[in-house]
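For what it's worth, the numbering used here labels the leading residue of the sequence shown as 7, then goes sequentially.
Some notes on the structure that comes next.
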Amino acid sequence: MNITKGSIGWIEVVCGPMFSGKSEELIRRLRRAEIARQRVQIFKPGIDQRYSDDHIISHSDFKIQSECVKDAAELEKRLDWRTEVIGIDEAQFLGEGIVDLVVRLADMGKRVIIAGLDTDYLGRPFHPMPELLAVADEISKALAICMQCGNPAKHTQRLVASDELVVVGAAGMYEARCRRCFEPNIANLQKREQATAAAMGRGAENGKH
Ligand code: ADP
Ligand code: ZN
């Protein structure tokens, strides 16, 4: 029996650490939708303007045109309701409101493809990615290559001292690490070392006087 149904909505999430190929995979899926002549719109948070504010650019230099938004409300405002496929990169920076929005879009029959970091620099779930994974129809978890030992890497290692959740990174601020090589406290260790060095410097100065 061949029953014709209307288009069914769908949520796909691609997650993993930095350098795992999330943007590449997002761009590949969106290109294929464009080749299929579907109406595509692509969004990324305004926070991530490392390379470009009107393109998503992968670390391997693949790129696709995109629009910058600050949160779910702005994304919704920018949506053309004829759009059939919606791509979202760096979804972890768009706030909790994105979860409800993508569910509504999928319920309306749209295909939503989301990429984002599943864990933060301390290895903790990076909200709202866990919620997006829960409402997704399909999930892909990508791994990078550990820059210390070459094993598959699930972690994003921060290389600079900072307690901020978001430090938008240029090259050299983050690298991929496997479970064994991941050092979540490296930033704190560096801070402590700097504080100790500064204190010792002060001590030496005091000694001089
Ligand atoms: P993500 O969006 O997950 O940060 P990208 O799609 O932007 O990743 O970049 C993936 C590309 O980065 C790879 O195809 C490879 O060319 C490059 N790359 C650089 N460092 C690494 C690494 N440690 N592991 C894997 N790929 C890496
Ligand atoms: Zn390793």
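All residues carry an ideal CB built from backbone N, CA and C; glycine is no exception.
**Asked** Given that a residue counts as buried once 16 or more other Cβ atoms are within 10 Å of its Cβ, and exposed if not, what is G115?
**Response** Taking all protein chains shown into account, G115 has fewer than 16 neighbouring C-beta atoms within 10 Å of its C-beta and is therefore exposed.
**Item:** Contact check, V141 vs L100, beta carbons under 9 Å
**Value:** Contact flag unset, no.
**Anticipated Cβ contact below 8 Å, A112 with W16, distance rounded** = Indeed, because the Cβ distance is near 6 Å, the residues count as touching under 8 Å.
**Prompt:** For the 8 Å Cβ check, are there 3 or more pairs between the segment 126-142 and the segment 159-171?
**Reply:** Yes, since at least three Cβ pairs between the segment 126-142 and the segment 159-171 fall closer than 8 Å, the two stretches touch.
**Request:** May I ask you to report which of helix, strand or coil DSSP gives S146?
**Result:** In this structure, S146 counts as strand in the three-state DSSP scheme.
**Request:** Can you give me the start and stop residues for the alpha helix (DSSP H) that I92 sits inside?
**Result:** Unbroken run through I92 is the beta strand (DSSP E), V91 to I94; no alpha helix (DSSP H).
**Message:** For ligand 1, is there any heavy atom lying closer than 8 Å to the beta carbon of G22?
**Reply:** At least one heavy atom of ligand 1 is nearer than 8 Å to the Cβ of G22, so yes.
**Prompt:** Does any heavy atom of ligand 1 sit closer than 8 Å to the C-beta of A3?
**Reply:** This structure gives no information on residue 3, because the portion of the chain shown stretches from 7 to 215.
**Message:** Once DSSP output is grouped into helix, strand and coil, what is the label at G213?
**Reply:** Because G213 carries a pLDDT of 46, less than 50, the predicted location of this residue cannot be relied on, and no value is offered for it.
**Request:** Within its chain, find whatever has a CB closer than 6 Å to the CB of L85; leave out the 5 residues flanking it on each side and keep chain order.
**Result:** Sequence-distant Cβ neighbours of L85 in its own chain, meaning closer than 6 Å and more than five residues away, do not exist here.
**Request:** Tell me where the beta strand (DSSP E) around R117 begins and ends.
**Result:** Counting along the chain, the beta strand (DSSP E) containing R117 begins and ends at R117 to L123.
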